[in-house]
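The UniProt record's numbering numbers the first residue of the sequence shown as 1 and each following residue consecutively.
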Amino acid sequence: MESNAAETRGKRKADAISPTREVTNLKVTCSKLLTEKGEIVTFVNAEDEQDSPISDEEEDEDEKDPENMSDDNEEEDSDEEMDAFERDFYGDFDDEEESMGPEETEVEQKEHSLGDQKLTFKIFLAEDEDHGDEFTRWMQTIRVHCSYERKEIGRGFGRYVQRDRIRDSFWRDMEEPCQELSQIAFELFDRYGRLRTELKNHPIQKGTGVWGSELDLGSFFVIEDLLIDKEWRRKAIGAKIVTYLIKKSRARSRDPQFSLVVPGWLTRDIESDILGKTKDEQREIRVRAVDNAVSFYRSLGFRRIGASSCFGLATDASHPARAILPTGDFDPAVEEPDVDEGPEHESSADWGVDQNRKSWRLELLKDRLPLHHATITLPDSDLARNVKGYTPIEELESDLETKRTRRNHGMMTVDISDNFSGFAPEAISCLAALRSLGNLSQIQCARLKFGCTCGLCIDGFLSPRMSFALLCRAEITHDMLNEDVEDGETWCMMHDDLITHVAPDIQRNFATNKSYRQGFANIFHHAATTLRNNRPPTILNVLNECMDASEWPPHTKNFLQRGGEPESVLRIMFENTKDQDEWAGDGMHMEVFEDQVKALPECRNDHEFGFAALACGMPKLTRLYG
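What follows is the structure in structure tokens.
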């Protein structure tokens, strides 16, 4: 049995009024009401009252005086009348309303029968009390509460994430609200919210291989928490809550392409089970709890994404993950604990006596020293990868990628991609050795240092695609600035966003000095020339190009001699290029130059604008727009 009932929630709360104002308003209103009844009312201001000490005898006499007792009764009646008036004037106001918590919206209520028991499911949106509206620009929190006879017996909630609204700062924004979003952001995605390359292409890390670039796009829903009281478990309540969460995440204008979850266990759920157990027993209990959670989500259609701990459910019913049976899903290899329980009576003299004894010794070696056993018994192809499926070079590259992009501070993970200044010499030596590279040339060393994967990065860090994007932006900006250069007032009005990094006194002179305007515009041309000459647009390189240009009239030199800086041009060039990038910005560059871009090789450094700007002498690159 299922019925829909829209539940509206309205709560009134007294306006915050200063004590003086509140008393004054009450006096005026009470006076009007009581005067209408023909009663005379007089209010005494607090400042008119004079406090004087009263002796104990006077106090006792006042208490015994019948007239005073009558006055007391009248005061009590007056207090009751005032309380009644306040209730009529303000309405009921209790402690529950005073701490009413976050606002609930889109409230639905559904009822289900479980045998002869009626369960109520409340489905609604409400942000965390400590979050407020901090994340509502890109995130909505969806909740489901299940109750029986008005007692809550189960609950769950998740986050609807509008990825496109935080694309350029994906890691930073996803890290802030909670640990679960942070884990998914850093384990599944790169800094721009794209599925990590190795989860798509690596022979082991890709898992079933059904997840790909479709996970790079669109909004998604993350199931963060699900808890059912122990006595109500194994009654399909959890499945119902998850179903309602996912259904609500797809309601109205919400359009998640995928639902994601990291199955796990709650400490409070297993703490009684692990009490007094050995470390190995505790580990087994935790593993079993995770396995149960994994089985539960697989029964609902979720499948593991690559070899990660994250599971996904595609909204598209034709997605290939939907065709995988629970028993056919991928499970990564798990490193066995180091347990030494071999017999203690063996002697080294027994080794190699006959084939049977040798076989027995190999089994013992397998238990005690598995790496030694593997070296003796396994073929080279099996020895090439560790338990995560990495070869030595892949393991090193994965470790270096982590060090390049993030740093842990307690429970917090910080994106440090823009601060990357190259790998350490020891790492470069290891990379060269594992790639069987002999004597490295200067450019080879630079490309290893800066993580180049295309083998063509200029000075080791500037990839062909980024170089092309910067060149396009420099040439376009130069042409734009040459328009209306004769009209100082119009020029300044049209290009005020492009001169934002120029010193204020020079900005003021732009309106009256054409040579300064032309000199500023010409530096974009010199930056483009630097890039066409296959050199990175560092401040020094562009300055040298300006000096060698034999320009006449010497507009650029006039601008520089007046105090203008090439950095004011290069910052705008990098910021504008980033703002039009397909992942860090609005994608305009790819729309206009798609054919030329796709003809160039891809590289790890293609979208690392902060890193490239830093290498060119401009730290702390910001966005020009937004």
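Glycine residues also receive a C-beta, built at the ideal position from the N, C-alpha and C atoms.
Requested in this report: Locate the beta strand (DSSP E) running through Met139, then write down its first and last residues.
Outcome: Met139 to Tyr148
**Report entry** Given Phe420 as reference, the closest of Arg604, Val161 and Arg137 once Cα atoms are compared
**Finding:** Arg604
Query - Same chain only: Cβ atoms within 8 Å of Glu489, ignoring 5 sequence neighbours per side - result: Ala511
Query raised in the report: Cβ of Phe302 within 7 Å of any heavy atom in the ligand PLP?
Result: What this structure holds is no ligand at all, so the ligand PLP is not there to describe.
**Report entry** Burial state of Trp552 (16 or more Cβ within 10 Å)
**Finding:** exposed
Query raised in the report: Would you call the stretch 243-259 and the stretch 151-171 touching, i.e. three or more CB-CB distances under 8 Å?
Result: yes
Report task. Go through its chain and collect everything with a Cβ distance to Trp232's Cβ below 7 Å, but skip five positions before and after it. Result -> The residues Ile153 and Gly154, in chain order, have a CB closer than 7 Å to that of Trp232 in the same chain once the five nearest residues on each side in sequence are set aside.
Query raised in the report: Nearest to Ala432 by CA position, among Ile416, Ser417 and Lys449, is which residue?
Result: Lys449
Query - Whole-Å CB distance - Tyr297 paired with Pro263, under 8 Å assumed - result: Going by Cβ atoms, the distance from Tyr297 to Pro263 rounds to 5 Å, so yes, they are a contact pair.
Query raised in the report: Quick one: what's got a C-beta closer than 6 Å to Gln282's C-beta in the same chain, skipping five residues either side?
Result: Ile274
**Report entry** Local Cβ density within 10 Å of Asn408, reported as buried at 16 or more and exposed below that
**Finding:** Asn408 should be labelled exposed.
Query raised in the report: For Gly488, does the three-state DSSP call read helix, strand or coil?
Result: Three-state result, Gly488: helix.
Query raised in the report: Under 8 Å, do Val222 and Val161 count as touching if we go by C-beta distance?
Result: yes
**Report entry** 6 Å CB neighbourhood of Ser515 in its chain, flanking five on each side removed
**Finding:** His555 and Asn558
Query - Residue environment, Glu224, which counts as buried when at least 16 other CB atoms sit within 10 Å - result: buried
**Report entry** Proximal residues to Glu104 (C-beta, below 8 Å), its chain only, five neighbours per side dropped
**Finding:** Arg9, Phe124, Leu125 and Ala126
Report task. Can you give me the Cβ contacts of residue 629 inside the same chain, cut-off strictly under 6 Å, excluding the 5 residues immediately before and after it? Result -> Shown here, the chain extends from 1 to 626; a query on residue 629 therefore has no answer.
Query raised in the report: How about Ala323 and Ile204: do their beta carbons lie closer than 8 Å?
Result: no
Query raised in the report: Where does Met588 sit, in a helix, a strand or coil, going by DSSP?
Result: helix
**Report entry** Limits of the unbroken beta strand (DSSP E) element including Val569
**Finding:** Here Val569 belongs to no beta strand (DSSP E); instead the alpha helix (DSSP H) covers Pro566 to Asp579.
Report task. Return the CA-CA distance between Phe220 and Ser259, expressed in angstroms with no decimal places. Result -> 6 Å
Query - Alpha-carbon spacing of Thr391 relative to Arg385, whole angstroms - result: 4 Å
Query raised in the report: For residue 666 versus Leu462, is the C-beta distance shorter than 8 Å?
Result: With the chain running from 1 to 626 in the structure shown, residue 666 is simply not present.
Requested in this report: Please work out which residues of its chain come closer than 6 Å, Cβ to Cβ, to Gly617, disregarding the five sequence neighbours upstream and downstream, and give them in chain order.
Outcome: Thr538 and Ile539
Query raised in the report: Can you find a C-beta in chain C that's less than 8 Å from the C-beta of Asp133?
Result: Among the protein chains of the structure shown there is no chain C, as only one such chain exists.
Query raised in the report: Ordered along the chain, which non-local residues of its own chain (more than five positions away) have a Cβ less than 6 Å from that of Arg535?
Result: Asn541
**Report entry** Other residues of its chain near Leu400: CB distance less than 7 Å, five sequence neighbours each side excluded
**Finding:** Phe423 and Ala427
Report task. Give the secondary structure of Tyr160 by DSSP, where H, G and I count as helix, E and B as strand, and everything else as coil. Result -> Collapsing the DSSP output to three states places Tyr160 in a strand.
Query raised in the report: Excluding the five sequence neighbours on either side, which residues of its own chain have a C-beta within less than 6 Å of the C-beta of Gly212, listed in chain order?
Result: Lys200
**Report entry** Same chain only: Cβ atoms within 8 Å of Ala503, ignoring 5 sequence neighbours per side
**Finding:** Gly563, Gly564, Glu565 and Ser568
Query raised in the report: Mapping DSSP to helix, strand and coil, what is Asp280?
Result: helix
Query raised in the report: In angstroms, rounded to a whole number, what distance separates the CA positions of Leu364 and Glu395?
Result: 29 Å
Report task. Counting only the same chain and skipping the five closest in sequence on each side, list residues whose C-beta sits under 7 Å from that of Leu440. Result -> Ala432
**Report entry** Sequence-distant residues of its chain with Cβ nearer than 7 Å to Ala584 (five each side left out)
**Finding:** Asp168, Tyr192, Lys578, His607 and Phe609
Requested in this report: Report yes if the C-beta distance between Lys122 and Val107 is below 8 Å; otherwise report no.
Outcome: Here Lys122 is near Val107, since their CB atoms are less than 8 Å apart.
**Report entry** Own chain partners of Thr413 with C-beta closer than 8 Å, once the 5 adjacent residues on each side are dropped
**Finding:** Trp171, Glu175, Ser182, Phe186, Arg406 and Arg407
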